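Q: Keeping their order, the protein sequence lines are chains A and B.
If you read the first sequence in the UniProt record's numbering, its first letter stands for residue 1, the second for the next number, and so on.
If you read the second sequence in the UniProt record's numbering, its first letter stands for residue 1, the second for the next number, and so on.
Protein chains: 2
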Amino acid sequence: MDMQFDLAQKARGDAGMAAMMTPAAGSCSAGYCDRCEVRDQAVCADLNPQERAALNRIGRRVTLQAGQTVMWEGDDSMIVANVIEGTLKLATSTGDGREQIVGVVYASDFIGRPFGARTPHSVTALTDARLCLYPRGAFDGFAREHPQLEHRLLQRTLDDLDRTRAWMLLLGRKNAREKVASFLLDMSRRLRADASGVIDLPLSRQQIADILGLTIETVSRQISDMKRLGVIALAGRRGVRICDANRLESMAEGE
Amino acid sequence: MDMQFDLAQKARGDAGMAAMMTPAAGSCSAGYCDRCEVRDQAVCADLNPQERAALNRIGRRVTLQAGQTVMWEGDDSMIVANVIEGTLKLATSTGDGREQIVGVVYASDFIGRPFGARTPHSVTALTDARLCLYPRGAFDGFAREHPQLEHRLLQRTLDDLDRTRAWMLLLGRKNAREKVASFLLDMSRRLRADASGVIDLPLSRQQIADILGLTIETVSRQISDMKRLGVIALAGRRGVRICDANRLESMAEGE
DNA sequence: CGTAATATTGATCCGTCTCAATGGAAGTGG
DNA sequence: CCACTTCCATTGAGACGGATCAATATTACG
Numbered sequence: 001m002d003m004q005f006d007l008a009q010k011a012r013g014d015a016g017m018a019a020m021m022t023p024a025a026g027s028c029s030a031g032y033c034d035r036c037e038v039r040d041q042a043v044c045a046d047l048n049p050q051e052r053a054a055l056n057r058i059g060r061r062v063t064l065q066a067g068q069t070v071m072w073e074g075d076d077s078m079i080v081a082n083v084i085e086g087t088l089k090l091a092t093s094t095g096d097g098r099e100q101i102v103g104v105v106y107a108s109d110f111i112g113r114p115f116g117a118r119t120p121h122s123v124t125a126l127t128d129a130r131l132c133l134y135p136r137g138a139f140d141g142f143a144r145e146h147p148q149l150e151h152r153l154l155q156r157t158l159d160d161l162d163r164t165r166a167w168m169l170l171l172g173r174k175n176a177r178e179k180v181a182s183f184l185l186d187m188s189r190r191l192r193a194d195a196s197g198v199i200d201l202p203l204s205r206q207q208i209a210d211i212l213g214l215t216i217e218t219v220s221r222q223i224s225d226m227k228r229l230g231v232i233a234l235a236g237r238r239g240v241r242i243c244d245a246n247r248l249e250s251m252a253e254g255e
Numbered sequence: 001m002d003m004q005f006d007l008a009q010k011a012r013g014d015a016g017m018a019a020m021m022t023p024a025a026g027s028c029s030a031g032y033c034d035r036c037e038v039r040d041q042a043v044c045a046d047l048n049p050q051e052r053a054a055l056n057r058i059g060r061r062v063t064l065q066a067g068q069t070v071m072w073e074g075d076d077s078m079i080v081a082n083v084i085e086g087t088l089k090l091a092t093s094t095g096d097g098r099e100q101i102v103g104v105v106y107a108s109d110f111i112g113r114p115f116g117a118r119t120p121h122s123v124t125a126l127t128d129a130r131l132c133l134y135p136r137g138a139f140d141g142f143a144r145e146h147p148q149l150e151h152r153l154l155q156r157t158l159d160d161l162d163r164t165r166a167w168m169l170l171l172g173r174k175n176a177r178e179k180v181a182s183f184l185l186d187m188s189r190r191l192r193a194d195a196s197g198v199i200d201l202p203l204s205r206q207q208i209a210d211i212l213g214l215t216i217e218t219v220s221r222q223i224s225d226m227k228r229l230g231v232i233a234l235a236g237r238r239g240v241r242i243c244d245a246n247r248l249e250s251m252a253e254g255e
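1. Take the Cβ of R118/A as the centre, count every other Cβ of all protein chains shown within 10 Å, and call the residue buried at 16 or more, exposed below.
2. Compare the C-alpha of R39/B against each of F115/B, F110/B, D210/B and name the closest.
3. A166/B versus chain A: which residues are under 9 Å apart at the beta carbon?
4. Cβ of R57/A less than 8 Å from any chain B Cβ?
5. What are the boundary residues of the alpha helix (DSSP H) that L47/A is part of?
6. In the DSSP assignment, the beta strand (DSSP E) including P135/A goes from what residue to what residue?
7. So, at 6 Å on beta carbons, what are the nonlocal neighbours of T218/A in its own chain, with the 5 sequence-adjacent residues on each side left out?
8. With respect to the beta strand (DSSP E) encompassing K89/B, which residues constitute its N-terminal and C-terminal limits?
9. Could you check what DSSP says for R61/B in three-state terms: helix, strand or coil?
10. For A25/A, I'd like the list of residues in its chain whose CB is within less than 7 Å of its CB, leaving aside the five on either flank, ordered along the chain.
11. What does R189/B reach in chain A if we use C-beta pairs closer than 9 Å?
12. In the DSSP assignment, what are the bridge partners of I232/B?
13. Run through the segment 115-197 of chain A for me and flag every whole alpha helix (DSSP H) of 4 or more residues, listed as ranges in chain order.
14. Assuming Q100/A and R173/B are in contact, meaning their beta carbons sit under 8 Å apart, how far apart are those beta carbons, in whole angstroms?
15. Does DSSP put M71/A in a helix, in a strand, or in coil?
16. From this set, H151/B, G103/B, S182/B, which residue's C-alpha is nearest D162/A's C-alpha?
17. So what's G26/B in DSSP terms, helix, strand or just coil?
18. Measuring alpha carbon to alpha carbon, tell me which of S250/B, D76/B, S224/B, F183/B ends up nearest R136/B.
19. Answer yes or no: does any C-beta atom of chain B fall closer than 8 Å to that of P135/A?
20. Rounded to a whole number of angstroms, what is the C-alpha to C-alpha distance between L158/B and P147/B?
21. Can you tell me which of the three DSSP states D34/B falls into?
22. Counting only beta-carbon separations shorter than 8 Å, does G26/B have a partner in chain A?
23. In chain order, what residues of the same chain have a beta carbon less than 6 Å from the beta carbon of V198/A, not counting five sequence neighbours either side?
24. For Q50/A, does the count of other Cβ atoms within 10 angstroms reach 16, so buried, or fall short, so exposed?
25. Are the CB atoms of A252/B and R152/B nearer to each other than 8 Å?
26. Taking the continuous beta strand (DSSP E) assigned at Q100/B, which residues delimit it?
27. Let me confirm a value: D6/B is counted as buried when at least 16 other C-beta atoms fall within 10 Å, else exposed. Which label applies?
28. Kindly list the residues whose CB is nearer than 8 Å to the CB of G213/B, restricted to its own chain and excluding five residues on each side of it in sequence; keep chain order.
29. Does any residue of chain A bring its CB to less than 8 Å from the CB of A117/B?
30. Would you verify that the beta carbon of Q41/B is, or is not, closer than 8 Å to some beta carbon of chain A?
31. Is there a C-beta anywhere in chain A that falls below 8 Å from the one on R205/B?
32. For the segment 182-196 of chain B and the segment 138-146 of chain A, state whether three or more C-beta atom pairs, one from each stretch, are separated by less than 8 Å.
33. Are V80/B and G116/B closer than 8 Å when you measure CB to CB?
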């Protein structure tokens with residue numbers, strides 16, 4: 001079962017390395033799943049060993065380099081995947097090139113559009129990443145025969161929808177300061193800080209701006225202000241340490 | 001099986017009638033579904049007559065008056081429902097009262113949060129409406145035993161997510177003119193115009209503003225401009241006729 | 001160490017919000 | 001049925017936040 005799909009770099013920002021997406025290993029034995037890092041969180045968690053082996057047979061593992069795009073907005077929906085490792089962004093754009101990031105996905109999340117003809121947004125790796133990739137048609141068929149899988153997928157989709165709708169409040173009704181504060185708090189909840197309390201953001205300033213519906217300059221100014229106020233500290237381009245979480249929380253709500 | 005839930009009026013805007021939500025008829029016979037207007041579109045469409053009767057036994061029909069709120073943001077998730085008739089809004093608010101409408105639902109749509117403890121947004125009737133209402137726990141149980149139902153729910157949730165993400169692009173990246181034009185086009189696609197081509201909007205100017213992340217004054221000014229340009233014509237408070245759809249479409253994309 | 005990409009800072013402009021007044025539609029009671 | 005009231009929409013003037021344009025600084029990398 002051979003699939004083709006385009007792989008290329010986004011025009012703006014995500015520069016460099018035009019390397020191909022590469023199969024991570026040889027054949028598709030069920031052994032994969034047994035050692036899978038996200039086995040208990042991903043949509044396939046409730047399958048028994050036989051079922052898991054069957055699913056494994058229609059999928060394969062691939063590695064991605066930061067900046068690679070796995071699927072494009074408007075493409076035919078050919079593939080879906082579990083994220084094994086790494087962070088990816090989901091994005092849509094206007095005709096004239098303004099981009100909005102509509103989601104960020106992490107290990108154990110599911111990507112792609114099952115049961116639908118079109119991919120509604122692009123998916124691009126922000127860090128190096130590993131996926132467990134399935135042809136969409138085969139996955140759809142398997143899912144229809146395995147209600148536990150569909151149930152997990154439903155739960156996940158409902159959670160995504162809740163999160164996405166909560167984000168609409170931020171986009172529509174919050175000002176720049178509230179947006180940036182909310183973003184930093186969201187990141188601190190989803191990413192683990194290192195020993196010194198520093199979080200390594202998987203996003204550039206431009207990408208943060210694309211999530212928040214702001215410009216890069218406005219994001220930068222807000223971050224600088226917060227640093228000046230002692231609410232956060234910066235460590236290199238991507239590192240942030242939250243010094244005063246309470247203050248940051250009140251900033252996110254608008255005070 | 002008795003359920004309680006609060007019913008009250010939103011503070012801003014949705015004035016008047018504090019009438020209670022009223023059961024629309026006596027007992028729960030399967031006869032309901034046979035005559036149901038949305039039987040072939042709602043999540044229960046794929047059930048056979050026996051299953052439909054069983055589902056019917058755990059639900060009941062209720063009528064709502066415009067302005068009534070069925071569930072509140074942050075409440076325990078106690079009920080879910082199919083919309084039989086009418087239009088409702090889904091909304092969230094910031095602590096200080098800024099509101100964002102995160103969705104508008106129509107006949108045959110599904111509302112409420114199955115498989116989750118909390119209702120993530122309020123649900124309020126914009127017009128008089130009729131619902132087919134289920135206790136959440138009982139619905140969840142039924143759904144888990146009927147994969148066809150879960151599958152339909154999944155499809156619907158995936159579609160909702162796609163639509164919601166598309167709306168994020170509007171909120172984050174479009175200007176006032178593009179937002180209002182996009183809104184009018186969306187409405188013209190989802191609502192049927194009458195003989196003279198007039199669409200009756202189910203939303204006040206304030207509610208349109210709450211969908212688009214704008215103020216009422218900005219919405220009003222944009223609509224007045226479009227009228228001045230001959231792109232639309234107005235008929236009373238809620239009536240709009242689209243005179244030049246092409247022009248409106250190019251406005252929505254930003255030209 | 002030098003270069004390119006990314007981030008920060010500054011000055012200015014424009015779009016949307018805010019505050020305030022006016023206009024018009026729908027509903028109420030005399 | 002009409003004046004009155006109330007709610008909602010429109011219009012105007014001014015302020016302000018974030019965008020834009022431009023320059024400089026910093027970080028990462030070869």
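Backbone N, C-alpha and C define an ideal beta-carbon position, used for all residues, glycine too.
Everything numeric in this text was worked out from a predicted model, so none of it was measured.
A: In brief:
1. Walking along the first sequence from the start, residue 118/A turns up at place 118. Burial call: exposed.
2. Position 39 of the second sequence, counted from the first residue, corresponds to residue 39/B. With distances taken between Cα atoms, R39/B lies closest to F110/B.
3. Residue 166/B sits at position 166 when you count from the first residue of the second sequence. The answer, in chain order, is T92, V102, P120, H121.
4. In the first sequence, the residue the question calls residue 57/A occupies position 57. No, its Cβ sits nowhere closer than 8 Å to a Cβ of chain B.
5. Position 47 of the first sequence, counted from the start, is the residue given in the question as residue 47/A. Counting along the chain, L47/A falls outside any alpha helix (DSSP H), and DSSP gives it neither H nor E.
6. As a position in the first sequence, residue 135/A is number 135, starting the count at 1. Start and end: 129-135.
7. What you label residue 218/A is simply residue 218 of the first sequence in a count that begins at 1. Counting only Cβ-Cβ distances below 6 Å, and skipping sequence neighbours, we find A176.
8. Start at 1 with the first residue of the second sequence, and residue 89/B comes out as number 89. From DSSP, the beta strand (DSSP E) with K89/B extends over 88-93.
9. Position 61 of the second sequence, counting from 1, holds the residue named residue 61/B. Three-state result, R61/B: strand.
10. Taking the first residue of the first sequence as position 1, residue 25/A is located at position 25. The predicted model places A25/A with a pLDDT of 46, which falls under 50 and marks its position as unreliable, so this point remains unresolved.
11. Stepping through the second sequence from its first residue, residue 189/B is reached at position 189. Correct list: empty, because the minimum Cβ distance to chain A is about 17 Å.
12. In the second sequence, residue 232/B corresponds to position 232, counting from 1. According to DSSP, I232/B bridges with I242/B.
13. 136-145, 147-173, 176-190
14. Position 100 of the first sequence holds residue 100/A. Position 173 of the second sequence holds residue 173/B. That pair is a contact at about 5 Å.
15. Counting from one through the first sequence, the residue named residue 71/A turns up at place 71. Here M71/A sits in strand by DSSP.
16. To locate residue 162/A, count along the first sequence from 1; it is residue 162. Among H151/B, G103/B, S182/B, the Cα nearest to that of D162/A is on G103/B.
17. Here residue 26/B refers to the residue found at position 26 when the second sequence is read from its first residue. In this prediction, G26/B has a pLDDT of 43, which is less than 50 and means its spatial position is unreliable; nothing more can be read from the coordinates.
18. To locate residue 136/B, count along the second sequence from 1; it is residue 136. R136/B has its Cα closest to that of D76/B, out of S250/B, D76/B, S224/B, F183/B.
19. Here residue 135/A corresponds to residue number 135 of the first sequence, with the count starting at 1. Cβ-Cβ to chain B under 8 Å: no for P135/A.
20. Indexing the second sequence from 1 puts residue 158/B at position 158. Indexing the second sequence from 1 puts residue 147/B at position 147. Near 16 Å, if we compare the C-alpha coordinates of P147/B and L158/B.
21. Residue 34/B sits at position 34 when you count from the first residue of the second sequence. D34/B falls in the helix class under three-state DSSP.
22. Translated into the one-based positions of the second sequence, residue 26/B becomes position 26. Residue placement at G26/B is flagged as unreliable, the pLDDT there being 43, under the threshold of 50; a coordinate-derived value is accordingly withheld.
23. The residue you call residue 198/A lines up with position 198 of the first sequence. Result list for V198/A: A235, G239, R241, in chain order.
24. Counted from its first residue, the first sequence places residue 50/A at position 50. Result: exposed.
25. The residue labelled residue 252/B in the question sits at position 252 within the second sequence. The residue labelled residue 152/B in the question sits at position 152 within the second sequence. Not in contact: A252/B and R152/B (Cβ atoms no closer than 8 Å).
26. For this step, residue 100/B is matched to residue 100 along the second sequence. Note, Q100/B: beta strand (DSSP E), 99-105.
27. By 1-based counting over the second sequence, the position of residue 6/B is 6. Confidence is the limiting factor: at D6/B the pLDDT is only 38, short of 50, which leaves the residue's position unreliable, though a coordinate-based value still follows. Exposed, by the Cβ-count rule.
28. As a first step, residue 213/B must be located in the second sequence, where it is residue number 213. Contacts found: Q100, L171, K179.
29. Walking along the second sequence from the start, residue 117/B turns up at place 117. No, its Cβ sits nowhere closer than 8 Å to a Cβ of chain A.
30. Taking the first residue of the second sequence as position 1, residue 41/B is located at position 41. No - not a single Cβ of chain A is within 8 Å of the one on Q41/B.
31. For the purposes of this step, residue 205/B is taken as residue 205 along the second sequence, with counting starting at 1. So no, R205/B is outside the interface.
32. no
33. Within the second sequence, numbered from 1, the residue matching residue 80/B stands at position 80. Within the second sequence, numbered from 1, the residue matching residue 116/B stands at position 116. No, these two residues do not count as a Cβ contact at 8 Å.
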